[in-house]
């Protein structure tokens, strides 16, 4: 799986937007960009994913560079509950096959520890 | 979506013994994944379990140490065999429904080996 590079930590104030960057210069054309977060003492939680176009959902937005070598997770208004480790992951689109469906392993890096101040 | 239940949620075990961790999913899934998260570290994939076939292990993990069963489409077990303190970690199972979908994780099993 391709590698990603994220800052070790970032800080934000409550109610402010947060931009979490991720570099993936060796991304291939079939790699999906996934973001997960892990709150303390919990399993990882899906945030958002995309392939080429920017994506929005109720939790966040994902901005993908035109060359796909970087992306940014945007939390529009940080809350204290958003304090977590955020993982940017590339999922290989040429991965596992079963029952006619393609699956992709998640290769976790060290992630970015987001601290949100009240 | 999928809701995953793992049992036990935590355990303290003696070295040299084995622990079997159960993962129950509320819907049928073809592929299940087992991860390990050592203290203060990120998650590392142990193996991929496809129902009806042998599990596929990642580099550094072997079947004798981490045997996996996948008897049906909603259940899997991971056994940590002949445990040592270095096996103290959180073990998580995960499922997904395809490359372009989200993965769902259990809450994890926190294992301490003494």
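Chains as they are written, first to last, in the working numbering: chain Y, 1 to 118; chain G, 1001 to 1114. Glycine included, every Cβ here is placed at the ideal spot set by N, Cα and C.
Cβ-Cβ distances below 6 Å link residue 15 of chain Y to 77 in the same chain, with the five nearest sequence neighbours on each side left out; the list follows chain order.
Across the structure, residue 10 of chain Y and residue 87 of chain Y are spaced so that their CA atoms are roughly 13 Å apart.
Going by DSSP, residue 1011 of chain G is part of the beta strand (DSSP E) stretching over 1010 to 1013. Not a single C-beta of chain G is nearer than 8 Å to the C-beta of residue 81 of chain Y. When 8 Å is used as the limit between beta carbons, residue 49 of chain Y is near these residues of chain G: 1100, 1102, in chain order. DSSP places residue 63 of chain Y inside the beta strand (DSSP E), whose first and last residues are 61 to 64.
With respect to residue 102 of chain Y, residue 1106 of chain G sits apart: the two C-beta atoms are not nearer than 8 Å.
CA-to-CA, the gap between residue 19 of chain Y and residue 63 of chain Y works out to about 10 Å. In the three-state reduction of the DSSP assignment, residue 37 of chain Y falls in the strand class, which pools E and B. Pairing residue 1030 of chain G with residue 98 of chain Y gives a Cβ-Cβ distance under 8 Å.
In the structure shown, residue 77 of chain Y adopts coil according to DSSP, grouped into three states. Per DSSP, reduced to three states, the secondary structure at residue 1071 of chain G is strand. Those residues of the stretch 1049 to 1083 of chain G placed with their C-beta closer than 7 Å to a C-beta in chain Y are 1050, ordered along the chain.
Contact between residue 1079 of chain G and residue 1019 of chain G holds, with the beta-carbon distance rounding to 7 Å and staying under 8 Å.
Take residue 1015 of chain G, set aside five residues on each side of it, and the residues of its chain with a beta-carbon closer than 8 Å to its own are 1083, 1084, 1085, 1113, 1114, in chain order. Cβ contact annotation for residue 12 of chain Y (same chain, cutoff 6 Å, sequence separation greater than five): 18, 78, 116, in chain order.
About 6 Å separates the beta carbons of residue 1028 of chain G and residue 1074 of chain G, which is inside the 8 Å limit, making them a contact pair. Across the set G:1021, G:1037, G:1070, the C-alpha of G:1070 shows the shortest separation from the C-alpha of residue 1051 of chain G. Residue 1095 of chain G is positioned such that its CB atom lies no closer than 8 Å to that of residue 1021 of chain G.
Contact check for residue 89 of chain Y and residue 107 of chain Y: beta-carbon distance about 6 Å, within the 8 Å limit, so the pair qualifies.
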